[in-house]
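K.L.:
As they're listed, the protein sequences go chains P and W.
Numbering of the first sequence is given in the working numbering, commencing with residue 69 and proceeding in unit increments.
Numbering of the second sequence is given in the working numbering, commencing with residue 69 and proceeding in unit increments.
We put the CB at the ideal spot given by N, CA and C, even for glycine.
Before I ask anything, let me first share the structure, which is written out below as C-alpha cells.
Number of protein chains: 2
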Amino acid sequence: MISEKFPSRLLENAVNEFAKLPGIGRKTALRLVLHLLKQDPAEVEIFGNSLIRLRNEIKHCRVCHNISDTDICNICSNPSRNESLVCVVENIKDVMAIENTHQYNGLYHVLGGIISPMDGIGPSNLEIDSLVQRVAEGNISEVILALSTTMEGDTTNFYIYKKLRTANIKISTLARGVSIGDELEYTDEVTLGRSLVNRTNFEDSIIQ
Amino acid sequence: MISEKFPSRLLENAVNEFAKLPGIGRKTALRLVLHLLKQDPAEVEIFGNSLIRLRNEIKHCRVCHNISDTDICNICSNPSRNESLVCVVENIKDVMAIENTHQYNGLYHVLGGIISPMDGIGPSNLEIDSLVQRVAEGNISEVILALSTTMEGDTTNFYIYKKLRTANIKISTLARGVSIGDELEYTDEVTLGRSLVNRTNFEDSIIQ
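Structural data, given as C-alpha cells:
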C-alpha cells in the first residue's frame, strides 16, 4: 500500500531512512532525497556504497582502539611518534580535536565512552582493561587523562587513576583554566578558582 | 595517502559524501557518519541501498511526469479522480503540498521546473509540449496553473496560457489573496490590492 503523502514507495523509504539520522527531520529528509534524485545515478551509488563500506569494512586499531582502515592505525604505526606517551580520550572526535592542535606527538587510547551509570555504561564496557594491559607491558612512561570535565569524565578519570597508580608511571591530566579569548567576568567560579590555584609562571605562558 | 585529520580513508569518504548534500557542513557530516558507525551494519546497508535503489529504480509517470514506482503513477491510475481536471505544478513537492490539502481530486502535470533564463531553463527543458499534447487529446476541460507567484512563475504561466488558449478549455490559476492567519497591516500591497479586486461573496467564504 502506498502512503497517501508520497507518490512513491522508494521515495518514502529513502526519506524514512534519512529521517532516522540525528537532527534530520522529515522536511529536511525530503529535501535531501529530492536533491539526490537530481544527481547522477553513479554519484548516488558512490554515496550509498561509501556508507555501506564504511560500516562493513572499518576496523578498530588493535593497540589504541581508534577507528582505522588497517589492523594498526596510522598513528600507532607512525615511527616518528613518541611511544612512551599515551593520551586517554573518550572517542575518535577527541583524537581528531587533539591532532588538529599539532601540539601532541604521542599515542592515544580510545575508551569508546565514559563511565555513565545513567546510560548503563560501566568500566567493563570501555577499553580500560586494555589500557591497564598496555601500561603493564612497560613501554609507557606517562598517561595523560584527557576526558570531558563532567561528573562522568571525573569518575572515569578517577577509576583509571586507581587502576594505574601502582604502575611506575606519571599520570597527568589536561590543564584546567580560563579559555583563551574568554573574559574573566564571565568565567565560571570553579574554573577561575582552579586557574588561580594552578597559576603558571608568566615566562612559561609567554613561551606557550 | 591518508589525510592528517581523518584516521581512516573510509571515514573521510563517507564524510565527504555527506558534506556534498545541501545544508550539511563538514561538522554535521562527521556527526552523522559517527552516528551511522554506531548502528547495526544491516541498518546501514538498508540505508545505503535505499538511496541507490531510489536513484536507479524510480520512474516518472508517463502521463503526468510525477515521480512514481510504476509506469503510470497512483494518482493518474486512480479511477476515482476527476480526469478532466489537470493542475500544472513545478515539481513533486508541490504535488505533495496540494495532496495534503485534501481539497483537490483532479490529476496533475509536473513541469519539472519553471522558465528561468538566468538558470538556462527554457520551455524546451520543461514538460510543456507534453501538456499541450495531453490537452489536444480532448479529455481535459480545465487546466489549473499552480506555479509560484514569482516573475519566473508568471512567465511560465503566460507561456502555457499562450500555448493553450486556442484549445477549447478553461484555464484557471490559484486564487491570490491574504493568507489565513495573516495580519492586514503586514500584508504586502500587491497581494492586498489583488485581494480587494478579486473580493469574494461573504457567504462563499463561510462555506469555504
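Taking DSSP's pairing of strands, which residues face W:Asn150 in a bridge?
P.N.:
Note: W:Asn150 sits in a beta bridge opposite W:Gly174.
K.L.:
Thinking W:Glu195 and W:His177 are a contact (beta carbons under 8 angstroms), I'd like their distance in whole angstroms, please.
P.N.:
Right, their Cβ atoms sit about 7 angstroms apart.
K.L.:
Could you say if the stretch 143-158 of chain P and the stretch 113-120 of chain W meet the contact criterion of at least three C-beta pairs nearer than 8 angstroms?
P.N.:
The stretch 143-158 of chain P, when compared against the stretch 113-120 of chain W, does not touch it at the 8 angstroms Cβ threshold.
K.L.:
Give the C-beta separation of P:Ser240 and P:Ile208 to the nearest angstrom, bearing in mind that I take them to be a contact with Cβ-Cβ under 8 angstroms.
P.N.:
Between P:Ile208 and P:Ser240 the Cβ distance is about 12 angstroms, and since that is not below 8 angstroms, they are no contact.
K.L.:
W:Ala82 touches chain P at which residues, Cβ-Cβ below 7 angstroms?
P.N.:
Those are Ser118, Leu119, Leu122, listed as they occur along chain P.
K.L.:
Run the CB neighbour count on P:Ile92, radius 10 Å, all protein chains shown included, and call it buried at 16 or more, exposed below.
P.N.:
By the 10 Å Cβ count, P:Ile92 comes out buried.
K.L.:
Are P:Ile182 and P:Ile160 close, meaning C-beta to C-beta below 8 angstroms?
P.N.:
Not in contact: P:Ile182 and P:Ile160 (Cβ atoms no closer than 8 angstroms).
K.L.:
Would P:Arg77 pass as an interface residue toward chain W - the criterion being a Cβ-Cβ separation below 8 angstroms?
P.N.:
Yes, its Cβ sits closer than 8 angstroms to a Cβ of chain W.
K.L.:
Any idea what DSSP makes of W:Phe270, helix, strand or coil?
P.N.:
Helix, per DSSP.
K.L.:
According to DSSP, what are the bridge partners of W:Thr241?
P.N.:
Partner(s): W:Leu213.
K.L.:
Check each candidate in W:Pro185, W:Val156, W:Ser263 and name the one with the smallest Cα separation from W:Ser216.
P.N.:
Closest by alpha carbon: W:Val156.
K.L.:
Between the alpha carbons of P:Leu260 and P:Ala243, how many angstroms are there, rounded?
P.N.:
Their Cα atoms are separated by approximately 12 angstroms.
K.L.:
Enumerate in chain order the residues of its own chain whose CB-to-CB distance from W:Leu153 is below 6 angstroms, with the five nearest sequence positions on each side excluded.
P.N.:
Here the set comprises Gly174, Glu210.
K.L.:
Am I right that W:Ala165 and W:Val203 are in contact with their C-beta atoms under 8 angstroms? What's the rounded C-beta distance?
P.N.:
Contact flag wrong, Cβ pair sits at about 24 angstroms.
K.L.:
Give the secondary structure of W:His103 by DSSP, where H, G and I count as helix, E and B as strand, and everything else as coil.
P.N.:
Helix.
K.L.:
To the nearest angstrom, how far is it from the Cα of W:Glu251 to the Cα of W:Pro90?
P.N.:
If I take the Cα positions, the gap works out to 33 angstroms.
K.L.:
Between the beta-carbon of P:His133 and the beta-carbon of P:Gly180, is there less than 8 angstroms?
P.N.:
Yes, Cβ-Cβ distance for P:His133 and P:Gly180 is below 8 angstroms.
K.L.:
Against chain P, with Cβ distances strictly below 8 angstroms, would W:His128 count as a contact?
P.N.:
Cβ-Cβ to chain P under 8 angstroms: no for W:His128.
K.L.:
Does P:Asp137 have its Cβ less than 8 angstroms from a Cβ in chain W?
P.N.:
Yes, contact with chain W.
K.L.:
State the start and end residues of the unbroken alpha helix (DSSP H) segment that holds P:Met164.
P.N.:
That run of the alpha helix (DSSP H) goes 160-169.
K.L.:
Kindly indicate if chain P contains any beta-carbon less than 8 angstroms away from that of W:Met164.
P.N.:
Interface residue, yes.
K.L.:
What do you reckon, are the CB atoms on P:Tyr227 and P:Pro191 nearer than 8 angstroms?
P.N.:
In contact: P:Tyr227 and P:Pro191 (Cβ atoms closer than 8 angstroms).
K.L.:
Tell me whether the beta-carbon of P:Glu85 lies closer than 8 angstroms to the beta-carbon of W:Phe115.
P.N.:
Yes.
K.L.:
Relative to chain W, which residues along the stretch 91-105 of chain P have a C-beta separation below 9 angstroms, given in chain order?
P.N.:
The residues in question are Gly91, Ile92, Thr96, Leu98, Arg99, Leu100, Val101, Leu102, His103, Leu104, Leu105.
K.L.:
Can you grab the Cα-Cα spacing for the pair W:Glu205 / P:Asn124, in whole Å?
P.N.:
So the two alpha carbons sit approximately 53 angstroms from each other.
K.L.:
Would you say P:Leu215 lies against chain W (beta-carbon separation less than 8 angstroms)?
P.N.:
No, because no Cβ of chain W sits closer than 8 angstroms to the Cβ of P:Leu215.
K.L.:
What does the alpha-carbon distance come out to for the pair W:Asp137 and W:Val83?
P.N.:
Cα to Cα, W:Asp137 sits roughly 30 angstroms from W:Val83.
K.L.:
Determine the DSSP secondary structure at W:Phe74, reduced to helix, strand or coil.
P.N.:
Residue state, collapsed to three classes: coil.
K.L.:
Between the alpha carbons of P:Phe74 and P:Ala87, how many angstroms are there, rounded?
P.N.:
Going by the C-alpha atoms only, they are around 15 angstroms apart.
K.L.:
P:Lys231: which of P:Tyr254, P:Gln201, P:Thr255 sits nearest, CA to CA?
P.N.:
That would be P:Gln201, whose Cα lies nearest to the Cα of P:Lys231.
K.L.:
Given a cut-off of 8 angstroms, decide if P:Asn266 and P:Gly245 are closer than it, judged by their beta-carbon atoms.
P.N.:
Closer than 8 angstroms, so yes.
K.L.:
Can you find a CB in chain W that lies within less than 8 angstroms of the CB of P:Glu85?
P.N.:
Taking Cβ atoms only, chain W reaches closer than 8 angstroms to P:Glu85, which makes this a yes.
K.L.:
Taking P:Lys231 as part of the alpha helix (DSSP H), name the residues at either end of that continuous run.
P.N.:
Unbroken alpha helix (DSSP H) run through P:Lys231: 219-232.
K.L.:
Would DSSP call W:Ser145 helix, strand or coil?
P.N.:
In the structure shown, W:Ser145 sits in coil (DSSP, three-state: anything other than H, G, I, E or B).
K.L.:
Within its chain, find whatever has a CB closer than 8 angstroms to the CB of W:Lys127; leave out the 5 residues flanking it on each side and keep chain order.
P.N.:
Answer for W:Lys127: Ile135, Ser136, Asp137, Thr138, Asp139, listed in chain order.
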